[in-house]
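Engineer:
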Amino acid sequence: RNYKNVFDALIRVTREEGTAALYSGLLPNILRGMAMNVGMLACYDQAKEVSAKLLGDPMTNGPTLPTKMVSSAIAGFTAAFFSLPFDLIKSRLMAQKVDPITGQF
1 RNYKNVFDAL IRVTREEGTA ALYSGLLPNI LRGMAMNVGM LACYDQAKEV SAKLLGDPMT
61 NGPTLPTKMV SSAIAGFTAA FFSLPFDLIK SRLMAQKVDP ITGQF
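One point on numbering: in the numbering used here, the residue at position 93 of the sequence shown is 93, and numbering is uninterrupted.
1. Would you identify the three-state DSSP class for residue 102, choosing helix, strand or coil?
2. Pick from 82, 50, 85: whose alpha carbon is nearest that of residue 67?
3. Could you pull out every residue in the same chain whose Cβ sits closer than 7 Å to the Cβ of residue 31, ignoring the five residues on either side in sequence?
4. By DSSP, does residue 33 sit in helix, in strand, or in coil?
5. Using DSSP's beta-bridge definition, name the partner residues of residue 60.
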């Protein structure tokens with residue numbers, strides 16, 4: 001497509017593919033964000049408790065750095081795992097081309 005800049009891309013996509021093309025993949029992207037947040041938030045506290053027990057962290061003054069690192073890594077993996085299907089759908093929808101015969105996606 002060789003866009004010159006962001007504004008050129010917005011103008012050309014709107015002219016060539018219509019305004020709706022600017023929003024292709026929006027719903028899967030919203031679902032991906034929701035799945036990522038659920039995966040991260042739901043898993044972090046549980047992972048923190050489990051990793052604190054495994055590392056012998058009493059967590060009297062809050063979790064230590066190793067406990068935070070392990071629980072963050074687990075929560076990050078879970079978030080990526082939950083959001084992967086939605087990310088795949090979003091990418092495929094955004095990469096769709098207009099059919100030259102019918103003019104539809």
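Ideal Cβ placement from N, Cα and C applies to all residues, glycine included.
Structural biologist: Working from what's here:
1. On the sequence shown, residue 102 is found 102 positions in, with the first residue counted as 1. Secondary structure at residue 102: coil, using DSSP grouped into helix, strand and coil.
2. On the sequence shown, position 67 is the one that residue 67 refers to. Ranking 82, 50, 85 by Cα distance to residue 67 puts 50 first.
3. Walking along the sequence shown from the start, residue 31 turns up at place 31. Excluding positions up to five away in sequence, the list reads 86.
4. Counting from one through the sequence shown, the residue named residue 33 turns up at place 33. Residue 33: helix per DSSP, three-state reduction.
5. Against the sequence shown, residue 60 aligns to sequence position 60. DSSP output for residue 60 lists 62 as bridge partner(s).
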